[in-house]
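Some notes on the structure that comes next.
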Amino acid sequence: MATGEYILKVTDLTHRVDLGHDTLTILHDVNLTVMAGQSVAIVGRSGSGKTTLLGLLAGLDTPSDGQIELDGQVISQLGEDQRAALRAQRVGFVFQSFQLLPALTALENVMLPLELAGQKEAASQATELLQRVGLGDRLTHTPRQLSGGEQQRVAIARAFAARPKILFADEPTGNLDNNTGQTVSDLLMALNREQGTTLIMVTHDEHLAARCERQFSIEAGVLTEPASQPVDNPPPRTAQQEAL
Amino acid sequence: MNQASGRLSSVRRDWRERDVRVLIAALVVAVATVATIALFASHLQRTLVSSASAFLAADRQLESENGQPIPQAWRDKATERGLEVARMVEFSTMVYGNDNFQLVAVKAVSEGYPLRGEIEYQASADSPREMRSAGPGHGDVWLNPRLLRLLDVTIGDSIEVGNLELTVSGLLIREPDGGFSMSALAPKIMMNAADVAATGVLQVGSRVEYVNLFAGEEAALDDFYAEVKPDFSPSHEWKSVDDGEALSGSLQRARRFLLLGGSLAVLLASVAVAVAARQYAVGQRDTVALLKTLGVRGQRIGRLYLSRLMIWGVAGTLAGVVIALPAFWGLASLTARLLERPVDYSIDWFALTPALVTALVSMMAFAYPPLQRLRSVPAMRVLRSEPGESGTGIVRDGLIALIAIFGLIWLYAGELGLVLSLLGGLAALLAVLALLGWAMVLLLRRVVGGGNAWRLALVGLYRHRKASLSQIAVFSMTLMLAATLLLIRSSLLDDWQAQLPDDAPNHFLINIAPDAVDDVEQFLAKNDLAKEAIYPMVRGRLTELNNEPVKQAVSKDREVRALNRELNLTWMNSLPADNTIVSGEWFEPGQTEGVSIESQLADRMGVKVGDVLGFTIGSQKIEQPVTSIRTVQWDSMRPNFYLAFPEGGGLTGLPATWITSFYLGEDQKLLLNDFTREFPTVSVLEVDHIIDRIREIVVQVTQAIEAILIMILAAAVVVMAAVVSATLQDRQREGALLRTLGGRQSLLVRSTMLEFALLGFFAGLLGVVAAEVAVWALQYRMFQGEFQWHFRIVATLPLISAAVLSVFGYWQLQPVLKVSPMLLLRRLE
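Protein chains in written order, with our numbering: chain A, 0 to 243; chain B, 4 to 832.
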């Protein structure tokens with residue numbers, strides 16, 4: 000499981016939003032360390048701050064206070080373009096609403112990150128991945144012509160296309176029915192294992208969370224690790240950090 | 004009440020929708036542009052007519068050339084319609100004064116003359132020139148200054164005209180309708196029409212021209228004409244300002260340009276409305292599906308959107324008119340200032356009709372069809388989005404739009420040629436576009452993306468090939484329309500400039516006796532006056548066509564005025580520079596047979612190369628075959644002739660006088676005195692005032708053209724902005740996602756700007772080439788100018804459009820660059 004080296008380390012992370020007349024604190028002093036190759040679930044209700052946390056961890060936004068170290072780089076100190084470069088090389092995303100570009104075919108959607116990384120063999124690599132997620136015969140279909148589950152499989156193929164070291168998933172099965180959700184999460188876990196990727200997933204689905212090695216829960220911006228256990232035989236585990 | 008407030012709130016809701024705002028903005032631009040152009044065109048027309056009416060001394064003239072006076076009853080009818088009326092009688096006669104006889108051209112004018120313009124008059128040779136608005140009184144006569152010398156009389160002396168003695172009470176310098184007609188060879192005198200009978204000069208069979216002058220409201224003039232026209236005989240001729248040869252070309256071209264400008268505005272506006280409505284309809288599909296699940300029936304949905312459309316239509320039209328009025332007033336005061344005239348702010352409300360029709364048609368033909376089709380959106384859409392719309396609906400929309408555009412332009416310009424040229428240009432454009440699209444898909448498919456902005460831009464073009472192609476289509480169409488106007492404007496102005504250069508001849512010398520030709524040439528050379536070629540002139544009638552009397556040979560329903568009067572015939576060896584042979588061959592050196600005829604006269608008579616024309620010159624008859632047909636630039640201010648013979652040809656041995664023209668600057672006017680002293684029998688025709696008038700009109704028209712061009716370009720930018728903003732949301736989503744996936748800001752900015760620049764470049768290139776095609780067709784058919792490639796515009800327009808579009812691209816990307824991609828993705832979900 001753990002390689003002994005952490006890939007993500009969060010120290011005293013606080014995030015506030017200025018509402019003009021008031022300031023809303025969305026995240027309170029979050030501390031978290033994730034080892035390379037681990038799979039981590041963050042479970043919480045709507046509005047608990049879990050998606051904001053995911054965005055900050057991925058460097059999509061910068062926190063009000065605290066420090067985030069991703070694969071050896073302190074991303075809270077990087078400029079926008081440096082963070083973009085970091086994402087292009089090491090980070091993958093899966094979104095609840097898939098976020099496929101409607102004008103592009105499945106193949107073109109998967110090619111996007113490869114092209115951004117300047118890869119010459121983008122088309123053949125993307126084709127291979129789509130075949131891997133079972134959509135080899137849907138390469139030229141646009142998102143409108145695909146079902147929700149199929150769209151999310153394209154999104155998963157896109158997320159793994161650039162062989163990221165760490166993958167962030169935001170409610171990957173939130174818009175899908177149980178069966179489809181099951182297929183999609185199987186695929187996500189399988190690819191994660193095959194590529195040895197670190198997975199950080201935000202969800203409110205306890206079943207999906209249970210398939211991760213570690214589970215955290217977040218409530219009102221406070222992160223706790225109540226009973227983090229491996230999927231097959233979960234041993235009791237101490238929360239690495241206690242919330243305030 | 005409830006319904007009304009409900010409707011109001013739905014309008015407020017609509018207003019929050021970007022597509023509705025774009026649609027209304029497009030309509031506002033459409034109505035404002037068309038209304039401003041139409042108002043200004045109508046205003047310009049009025050100003051032009053009033054400044055040109057002076058050429059007729061009236062708004063209309065009715066001439067009778069058969070020696071019969073025009074019935075009093077007709078004048079009475081005109082008076083009943085509230086028109087101002089005046090009379091003129093024109094004839095030639097010998098006058099006697101101080102023991103000298105002289106042939107003069109008499110112009111006898113009634114009270115009221117001139118109805119338009121003023122007479123330039125001098126109380127004596129030493130007095131200043133003054134402007135008068137009435138002719139001589141009873142018993143008075145005004146003489147051409149030259150006659151003072153020819154008759155050796157002074158102011159206050161008497162001269163005899165037939166049986167009547169008249170007192171010379173002033174000098175006639177120039178009358179407004181003196182115009183420029185070569186029949187006025189003899190020096191002119193002006194007297195009162197009431198004195199004509201007492202002269203006893205006019206007998207049955209005398210050569211005399213009776214002219215009635217009319218002025219007043221256009222509508223009344225038209226009604227009057229319609230009423231008396233059935234009683235006209237072939238020798239009656241109704242003349243309006245447009246018929247004046249010197250001016251007609253410039254006026255016609257100006258009017259056509261305004262019409263063209265208006266039509267382009269209509270086209271552009273339609274494109275903008277259609278794009279915005281389509282976009283709105285696409286965005287409304289989910290709403291409609293939801294309404295259907297809530298139980299609203301298709302018909303009611305149709306009515307709902309129709310009533311919204313009507314509200315937007317009324318709002319857009321009102322706003323458009325509100326913008327158009329001050330814009331028009333601004334333009335009107337600008338021209339007024341340039342021409343140093345009082346501003347005429349009055350509004351011709353009728354001129355708003357095209358704008359209202361445009362609003363109605365663009366709403367019903369361009370905006371309604373996509374909204375109407377919303378009725379058929381399946382309720383299932385709520386559960387699952389169906390792929391795009393069916394193709395048949397789009398084809399039908401396209402057909403409706405095409406017919407509507409065709410109808411609108413036809414209605415607006417009333418010229419089939421114009422409509423066909425424009426639509427031909429557009430069709431050519433779309434054909435090339437289809438070809439380009441195919442080539443683009445083929446070429447760009449091979450480009451593989453990468454971290455480099457160029458590659459990303461090219462890949463972007465390929466990825467969005469549908470949107471790219473339709474954007475190129477709209478942009479290139481827009482640019483084509485704007486470029487057409489730009490190109491026509493340049494060639495129109497160049498044309499005018501070339502036709503009337505600063506040193507265009509402004510004085511004619513007529514009646515030069517053969518033995519004085521050398522002396523006149525020497526006089527001109529001595530004083531450094533550049534003269535045009537000098538031509539002989541023989542007066543004669545065209546009497547036979549292919550050995551048949553010409554009035555029988557030429558079909559009755561063709562009124563050919565030239566056949567009713569003596570023509571000036573000439574001989575020349577070389578073709579004047581501004582004449583062009585359209586059929587047959589110009590005379591070979593040494594050729595003595597043949598005659599060359601002017602093309603419009605040939606058309607009216609139905610004469611072809613090879614036909615034989617018979618002329619009566621004095622008591623002699625000659626016959627010559629037509630060997631060529633040529634066009635003549637009537638407003639060039641050079642001697643022009645309907646019929647030209649080769650030197651040593653048919654006119655040999657016939658009595659001739661000579662004519663030439665030259666340029667004389669304002670500061671050299673005194674030379675004219677020397678000239679008339681040295682050559683008392685030569686008539687000097689001063690046409691500098693006509694040239695000034697034409698220049699004045701050209702200034703007005705140029706202003707109008709510039710203003711309209713600016714408005715069209717503004718409309719074009721609005722259309723392009725509307726089209727670009729239609730894809731705003733997709734672009735932003737894509738930008739946000741690319742940033743999330745690790746695309747750098749600078750890369751995004753560069754590749755997007757490049758992609759738009761490429762779009763703009765292709766659209767500009769296509770548009771300008773299509774514009775050249777349309778201009779070629781228009782120039783050939785409507786403006787009769789020589790077609791030339793406009794390399795500078797062809798080279799620069801694609802670059803300009805690339806620059807403008809890349810700025811649009813940057814502007815679109817702005818929100819993506821400012822906000823964190825996370826927030827943006829959430830907002831766009």
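Glycine residues also receive a C-beta, built at the ideal position from the N, C-alpha and C atoms. Just so it is clear, the structure is predicted and the values come from calculations on it, not from any experiment.
In summary, S379/B is exposed, with fewer than 16 beta-carbon neighbours lying within 10 Å of its beta-carbon over all protein chains present.
Residue environment for M97/B: exposed (fewer than 16 other C-beta atoms within 10 angstroms of its C-beta). Taking 8 Å as the upper bound on Cβ-Cβ separation, chain B lies near residues E79, D80, A83, A84, L85, R86, A87, Q88, V90, F92 and F94 of the segment 77-94 of chain A.
Under a 10 Å Cβ-count criterion, I406/B is classified as exposed, with fewer than 16 other Cβ atoms of the shown protein chains found around its own Cβ. In the DSSP annotation of this structure, the continuous segment of the alpha helix (DSSP H) that includes D225/B starts and ends at E221 to V231. Ranking L151/B, Y116/B and A137/B by CA distance to the CA of N676/B puts L151/B first. Within 10 angstroms of the beta-carbon of R633/B lie 16 or more other beta-carbons, which makes it buried. For the segment 17-45 of chain A, the beta-carbon criterion of a distance under 9 Å to any beta-carbon of chain B is satisfied by none of its residues. For P628/B, the enclosing beta strand (DSSP E) stretches over residues Q623 to T634. Contact between the segment 509-520 of chain B and the segment 681-691 of chain B is present, with at least three C-beta pairs closer than 8 Å.
Distance check between G120/B and each of Y813/B, V541/B, I693/B and D614/B places I693/B closest, using alpha-carbon atoms only. R15/A has T24/A as its beta-bridge partners, per DSSP.
Proximity to G142/B across A201/B, L359/B, D506/B and L175/B peaks at A201/B, based on C-alpha coordinates. What E737/B touches in chain A, judged by beta-carbon distance under 7 Å, is L100, going in chain order. The Cβ-Cβ distance between R311/B and D22/B does not fall below 8 Å. Shortest Cα-Cα distance from E758/B to any of V291/B, P649/B and W457/B involves W457/B.
In terms of beta-carbon proximity, L103/A lines the interface with chain B, with at least one pair separated by less than 8 Å. The beta carbons of A60/B and Y116/B sit closer together than 8 Å. Taking a Cβ-Cβ threshold of 8 Å, none of the residues of chain B is close to D64/A; the smallest such distance is about 17 Å.
Among the residues of chain A, those whose CB is under 9 Å from the CB of A470/B are A102, following chain order. A659/B has its alpha-carbon roughly 21 Å from the corresponding atom of F526/B. For Y371/B, the uninterrupted alpha helix (DSSP H) run begins and ends at Y371 to Q375, by DSSP.
The beta carbon of L111/A sits closer than 7 Å to those of R157, all from its chain and outside the five residues before and after it, given in chain order. Residue nearest to E178/B within the set G440/B, F648/B and R135/B is R135/B (criterion: CA-CA distance). Inter-segment contact for the segment 131-146 of chain A and the segment 756-775 of chain B is absent: fewer than three beta-carbon pairs are separated by less than 8 Å.
Against chain A, the CB of S754/B has no partner CB under 8 Å away; the residue lies outside that interface.
Annotated three-state conformation of R16/B is helix, per DSSP. Using a Cβ-Cβ cut-off of 8 Å, G54/A counts as an interface residue toward chain B, since at least one Cβ of chain B sits closer than that to its own.
With fewer than 16 other CB atoms across the displayed protein chains lying within 10 angstroms of its CB, R448/B is exposed. Within the segment 23-49 of chain B, contact with chain A at the beta-carbon level (separation under 9 Å) is assigned to no residue. Inclusion of A777/B and M483/B in the CB contact set at 8 Å is warranted, their separation being smaller than that value. DSSP places M97/B within a strand segment (E or B) once states are collapsed to three.
If you draw a straight line from the Cα of D691/B to the Cα of P579/B, it comes to about 22 Å. P112/A reaches chain B at L744 and G745, counting residues in chain order whose Cβ is nearer than 8 Å. For E107/A, the nearest CB of chain B lies under 8 Å from its own CB, placing it at the interface with that chain. The C-beta distance from V211/B to L205/B rounds to 6 Å, short enough to fall under 8 Å.
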